[in-house]
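**Q** One structure coming up, written as structure tokens, with questions to follow.
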Amino acid sequence: MSALESNLTPEIYQGQFGTFTITDRDRQGVIVYRSALMVAAVSFAIATLLVLLPESSSERPSPNTLSLVTWLYVTFSVALGIALITIHIYMTILHRALQLFWAIGCASAIGFSLYYREPIGSIVYEHPLTILGIGFTFAALTGIFFKEAFCFNRFETKILTFLVPILLLGHLTSLLTLNIEAILLTIWSGLFFIFASRKAFQLIPDDIGDKSVFKHLENQK
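In numbering that gives the first Met the number 0, the protein residues as written are 0 to 220.
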């Protein structure tokens, strides 16, 4: 076999239920997943900076800033939705549940925006009970953190798996002070960016997983 033929021959992997190969489509899906995570992380980080950094003598962000935060949230939500489509999760019911959570969260954000006629940042800040709807989006994000922590033992996703619910529930119940919320939000955005950045350097087959398991589960249906 020539060197060219060897390069064209896909590598065969041994899975739990048989052998499998990784196609270009599989690799493209992983690239889309990781790119979506990066877009979501960057959008979230920028929005966090805009909300927390002081604007001259004003105690709260200006209307223009809050409008920009809204568009960053839209970008974050769309990117998260793409990530939830392309992520590889063995349990189909869990995968669909995370996608459903994302859809509920997005629908809630749209509904509250139409009802209150305010930027999304103001709505969440001034009306903590909206977390009961919008929070589903972040529950889906936490699902990704949990999956990554379980599969790859990443320290940042282990922390985020607990930090995100604590911050959301703390804001919902008003048990956390504004200073503590600001600190937790900063840690969240920083660790989220670290997580997305580290994914860019991870081997692509890692995110594809054992395709023989997917086929076995599909055959069981």
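Heads up, the beta-carbon is just placed ideally off N, CA and C, and yes, glycines get one too. The model shown is predicted, which means the values in this text are computed figures rather than measured ones.
Keeping to the same chain, check which residues put their C-beta closer than 6 Å to that of Met37; ignore five residues upstream and five downstream.
**A** Here the question's residue 37 lines up with position 38 in the sequence shown. Cβ within range, chain order: Ala195.
**Q** Any beta-carbon of chain C closer than 8 Å to the one on Ala96?
**A** No chain C appears in this structure, which consists of one protein chain only.
**Q** Check His126 in the structure and name its three-state DSSP category.
**A** Here residue 126 is taken as the residue at index 127 of the sequence shown, counted from 1. Residue state, collapsed to three classes: coil.
**Q** Helix, strand or coil, according to DSSP, for Phe153 in the structure here?
**A** Numbered from its first residue, the sequence shown carries residue 153 at position 154. The question names Phe, but residue 153 in the sequence shown is Arg. In the structure shown, Arg153 sits in coil (DSSP, three-state: anything other than H, G, I, E or B).
**Q** Just to check my reading of the structure: Ile119 and Ser112 have Cβ atoms closer than 8 Å, yes? What is that Cβ distance to the nearest angstrom?
**A** As a first step, residue 119 is located in the sequence shown; it is residue number 120 there, counting from the start. As a first step, residue 112 is located in the sequence shown; it is residue number 113 there, counting from the start. Contact holds; Cβ gap of about 6 Å.
**Q** If you draw a straight line from the C-alpha of Asp205 to the C-alpha of Lys146, how long is it?
**A** As a working mapping, residue 205 is identified with position 206 in the sequence shown. As a working mapping, residue 146 is identified with position 147 in the sequence shown. Taking the straight line from one Cα to the other gives about 13 Å.
**Q** Hey, could you find the ends of the alpha helix (DSSP H) Met90 is sitting in?
**A** By one-based count along the sequence shown, residue 90 stands at place 91. No alpha helix (DSSP H) contains Met90, which DSSP labels as neither H nor E.
**Q** Do three or more CB pairs link the stretch 117 to 133 to the stretch 80 to 87 at distances below 8 Å?
**A** In this structure the stretch 117 to 133 does not touch the stretch 80 to 87; the number of beta carbon pairs closer than 8 Å is below three.
**Q** Given 8 Å as the limit, is there contact between the stretch 128 to 142 and the stretch 89 to 99, that is, 3 or more CB pairs closer than that?
**A** yes
**Q** Got a sec, what are the start and stop residues for the alpha helix (DSSP H) Phe43 sits in?
**A** Stepping through the sequence shown from its first residue, residue 43 is reached at position 44. Where Phe43 is concerned, the enclosing alpha helix (DSSP H) stretches over Asp23 to Leu51.
**Q** If you run the structure through DSSP and keep just helix, strand and coil, what is Asn6?
**A** On the sequence shown, residue 6 is found 7 positions in, with the first residue counted as 1. Reliability fails at Asn6, whose pLDDT of 46 lies under 50, so the model's placement of it is uncertain and the value that follows must be treated cautiously. Helix, per DSSP.
**Q** Roughly how far, in whole angstroms, is the beta-carbon of Ser76 from the beta-carbon of Thr136, given that I think they are within contact range, below 8 Å?
**A** By 1-based counting over the sequence shown, the position of residue 76 is 77. By 1-based counting over the sequence shown, the position of residue 136 is 137. That pair is a contact at about 6 Å.
**Q** Have a look at Ser61 and Ile203 and give me their C-alpha separation to the nearest angstrom.
**A** On the sequence shown, residue 61 is found 62 positions in, with the first residue counted as 1. On the sequence shown, residue 203 is found 204 positions in, with the first residue counted as 1. Taking the straight line from one Cα to the other gives about 42 Å.
**Q** CA-CA distance, Thr172 and Val73?
**A** Sequence index remark: in the sequence shown, residue 172 carries index 173 (1-based). Sequence index remark: in the sequence shown, residue 73 carries index 74 (1-based). Going by C-alpha positions, Thr172 is about 25 Å away from Val73.
**Q** Could you name the residues of the same chain whose beta carbon sits closer than 6 Å to that of Ala39, not counting the 5 residues immediately before and after it, in chain order?
**A** Working through the sequence shown from its first residue, we reach residue 39 at position 40. If we look at Ala39 and ignore the five residues flanking it on each side, its Cβ neighbours are Phe75, Ala78 and Leu79.
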